[in-house]
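If you use the working numbering, the sequence shown closes out at 600, no skipped numbers anywhere. For every residue, glycine included, the Cβ atom is placed at its ideal position computed from N, Cα and C. Everything numeric in this text was worked out from a predicted model, so none of it was measured.
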Amino acid sequence: MNEAVLISEQLPLLQQWQQKERILEQFHQLAHASLLSDPKEKDTLLAQFYQLIYNGRFNSLNGGTFVINSKHCHIPTTTNLYLAEILIAADQVFFRGDFLLTARSILQSILAELSTNKIITNKQSNSMSINELDCHFTHDQISKTLDDNECALLFSLIKLSKPQPDYLIAYRRSLKDAASNIEMPIKQAQILEYSLLNKLREAKNIPANVENSILSKDAHNAFGDILKQDFAMNCNLIIAASSLSIAEPSGSVTAQLKNVFFTLSDFCQTKIRDRVFIVNLIYAGLILLQLDFDLKIIALISSLIEKIPKDHAPIMSDKQMREESIISDVISELSKQSIFSAEAAQVEFYRPQQTVIQTQVIVLTKDAVDYQSRQMNLTAKFHSRRLIYAH
Numbered sequence: 210m211n212e213a214v215l216i217s218e219q220l221p222l223l224q225q226w227q228q229k230e231r232i233l234e235q236f237h238q239l240a241h242a243s244l245l246s247d248p249k250e251k252d253t254l255l256a257q258f259y260q261l262i263y264n265g266r267f268n269s270l271n272g273g274t275f276v277i278n279s280k281h282c283h284i285p286t287t288t289n290l291y292l293a294e295i296l297i298a299a300d301q302v303f304f305r306g307d308f309l310l311t312a313r314s315i316l317q318s319i320l321a322e323l324s325t326n327k328i329i330t331n332k333q334s335n336s337m338s339i340n341e342l343d344c345h346f347t348h349d350q351i352s353k354t355l356d357d358n359e360c361a362l363l364f365s366l367i368k369l370s371k372p373q374p375d376y377l378i379a380y381r382r383s384l385k386d387a388a389s390n391i392e393m394p395i396k397q398a399q400i401l402e403y404s405l406l407n408k409l410r411e412a413k414n415i416p417a418n419v420e421n422s423i424l425s426k427d428a429h430n431a432f433g434d435i436l437k438q439d440f441a442m443n444c445n446l447i448i449a450a451s452s453l454s455i456a457e458p459s460g461s462v463t464a465q466l467k468n469v470f471f472t473l474s475d476f477c478q479t480k481i482r483d484r485v486f487i488v489n490l491i492y493a494g495l496i497l498l499q500l501d502f503d504l505k506i507i508a509l510i511s512s513l514i515e516k517i518p519k520d521h522a523p524i525m526s527d528k529q530m531r532e533e534s535i536i537s538d539v540i541s542e543l544s545k546q547s548i549f550s551a552e553a554a555q556v557e558f559y560r561p562q563q564t565v566i567q568t569q570v571i572v573l574t575k576d577a578v579d580y581q582s583r584q585m586n587l588t589a590k591f592h593s594r595r596l597i598y599a600h
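Encoded structure:
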């Protein structure tokens, strides 16, 4: 995998999605490979992902990758959502906390916008000067904020050999490697990293924990209509952040994502007639349903299915075909258990003749004696097309 493929702003979003799907399929194959298979491919991919998250382009204070062109930069939100999704999967394949930590940081920075808005908007992608990045500090700011030991660790993390006029707090080494580089005990490094990050966040007024941001009473949309690019981006947010909540259950994140889904559903009922966007939202809703088997979500998905135009587009993107295929499999399975109606199961969705990885739809009963053990067994290995519903 070439790290530039996902972080280049010049690559169309559909191609970024295709690359994400190829990586997830590769992860699936690795997770289900024989114990006797050659570990070289897995080791190579692990090294590439370490290179990706320690490339000096991830904001270590507030999450997310940024793209620099000349003296300007921007934060590509959709790209960051795709990155978060594959990093969560990488954690399930490689069992390295660095990947989940980076994904969590990315998503928390994006979810923070939901404390003042019902949905996220594309303003995060606006161009800015490097000095406007919240991870940018001058040498004087660093020296006044951190003590000598904290400075030594920070400079090792960002691979700085000598003082510079200014810095971007974007790691180029793991904490373990940075501590080893300056011969610092790892436990001391862990304490100092926690301290220095909090001090730097406080200096830039960055909340220490944005995961628990709750939608305020004054939350609003500053526009009557939702732009189509924002609509798709919020569907991507539901999908990526649901993956995080499956790995690390969080009631506050689930509540935020449900609010986003309800907002998009209300808009979709009156303003959207395009099959691509309706399918995208249904797919996001089915992913969200894994977090909370909410009857309101089920009712809204059913309503959206009724709204789908009967005529197929002459040409479908790979993304739409995959989403329609999974929707068809999920609705078909859940209708057998009367969760969705027989009419919903009869709606025509695209179904490929064959797929490399078959969709798995699992329905668990929380009251069952073996519920916990079954859930643990099912999630022990990464599966790129498994959806687990518990009610």
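Practice task
Alpha carbon to alpha carbon, how far is residue 588 from residue 246? Give it in angstroms, no decimals.
Solution key: 22 Å
Handout entry: Own chain residues within Cβ distance below 6 Å of residue 360, not counting five before or after
Key = none
Practice task
Could you name the residues that DSSP lists as bridge partners for residue 573?
Solution key: 599
Exercise for the section: Specify whether the stretch 548-561 and the stretch 574-581 touch according to this definition: at least 3 beta carbon pairs, one from each stretch, less than 8 Å apart. Expected result: no
Practice task
Given a cut-off of 8 Å, decide if residue 490 and residue 513 are closer than it, judged by their beta-carbon atoms.
Solution key: yes
Problem - Given residue 366 as reference, the closest of 263, 319, 532 and 461 once Cα atoms are compared - result: 263
Handout entry: Neighbourhood of residue 322 by C-beta distance below 6 Å, restricted to the same chain and skipping five residues each side
Key = 329
Problem - Burial state of residue 433 (16 or more Cβ within 10 Å) - result: A caution first: residue 433 carries a pLDDT of 46, below 50, which makes its placement in the model too unreliable to give a value.
Problem - Start and end residues, alpha helix (DSSP H) containing residue 291 - result: 286-303
Exercise for the section: Return the CA-CA distance between residue 460 and residue 342, expressed in angstroms with no decimal places. Expected result: 30 Å
Practice task
Return the chain-ordered list of same chain residues with a C-beta closer than 8 Å to the C-beta of residue 602, the five sequence neighbours on each side being excluded.
Solution key: Because residue 602 is not part of the residues shown, which for the chain are 210 to 600, the question remains open.
Practice task
Using beta-carbon positions only, say whether residue 455 and residue 495 come within less than 8 Å of one another.
Solution key: no
Practice task
Excluding the 5 residues preceding and the 5 following residue 368 in the sequence, name in chain order all residues of the same chain whose CB lies nearer than 7 Å to its CB.
Solution key: 381 and 382
Handout entry: Contact set for residue 527: own chain, Cβ-Cβ below 7 Å, skip 5 residues either direction
Key = 227
Exercise for the section: Could you name the residues of the same chain whose beta carbon sits closer than 7 Å to that of residue 450, not counting the 5 residues immediately before and after it, in chain order? Expected result: 316, 320, 462 and 466
Exercise for the section: Determine which residues share a DSSP beta bridge with residue 282 and list them. Expected result: 277 and 337
Practice task
Keeping to the same chain, check which residues put their C-beta closer than 6 Å to that of residue 211; ignore five residues upstream and five downstream.
Solution key: Its pLDDT being 46, under 50, residue 211 is placed unreliably in this model, and the value from its coordinates should be taken loosely. Contacts found: none.
Problem - Nearest neighbour of residue 236, chosen from 472, 591 and 272 [CA to CA] - result: 591
Practice task
Evaluate the contact criterion for the stretch 251-268 versus the stretch 292-312: three or more CB pairs, one atom per stretch, below 8 Å.
Solution key: yes
Practice task
May I ask you to report which of helix, strand or coil DSSP gives residue 509?
Solution key: helix
Handout entry: Through-space distance from residue 469 to residue 618, alpha-carbon basis
Key = A question about residue 618 goes unanswered here, because the residues of the chain that appear run from 210 up to 600.
Problem - residue 195 and residue 446 closer than 8 Å at C-beta - result: This structure does not reach residue 195, given that the chain is present from 210 up to 600, and the question cannot be answered.
Handout entry: Local Cβ density within 10 Å of residue 391, reported as buried at 16 or more and exposed below that
Key = exposed
Practice task
Look at the Cβ atom of residue 472, then the Cβ atom of residue 327, and state whether they are nearer than 8 Å.
Solution key: yes
Handout entry: Closer than 7 Å: residue 483 CB and nearest the ligand ATP heavy atom
Key = Questions concerning the ligand ATP fall outside what the structure shown contains, since it holds no ligand whatsoever.
Practice task
Using beta-carbon positions only, say whether residue 398 and residue 412 come within less than 8 Å of one another.
Solution key: no
Problem - Nearest-angstrom beta carbon gap, residue 251 and residue 338 [assumed within contact, 8 Å] - result: Not confirmed; about 41 Å, so no contact.
Problem - Spatially closest choice to residue 304 from 240, 410 and 271, by CA coordinates - result: 240
Exercise for the section: Just the C-alpha distance for residue 504 and residue 596, rounded to the nearest angstrom, thanks. Expected result: 17 Å
Problem - Which residues DSSP lists as bridging residue 345, in chain order - result: 377
Exercise for the section: With DSSP as the reference, label residue 486 as helix, strand or coil. Expected result: helix
Practice task
Sort 407, 406 and 384 by Cα distance to residue 396 and report the nearest one.
Solution key: 384
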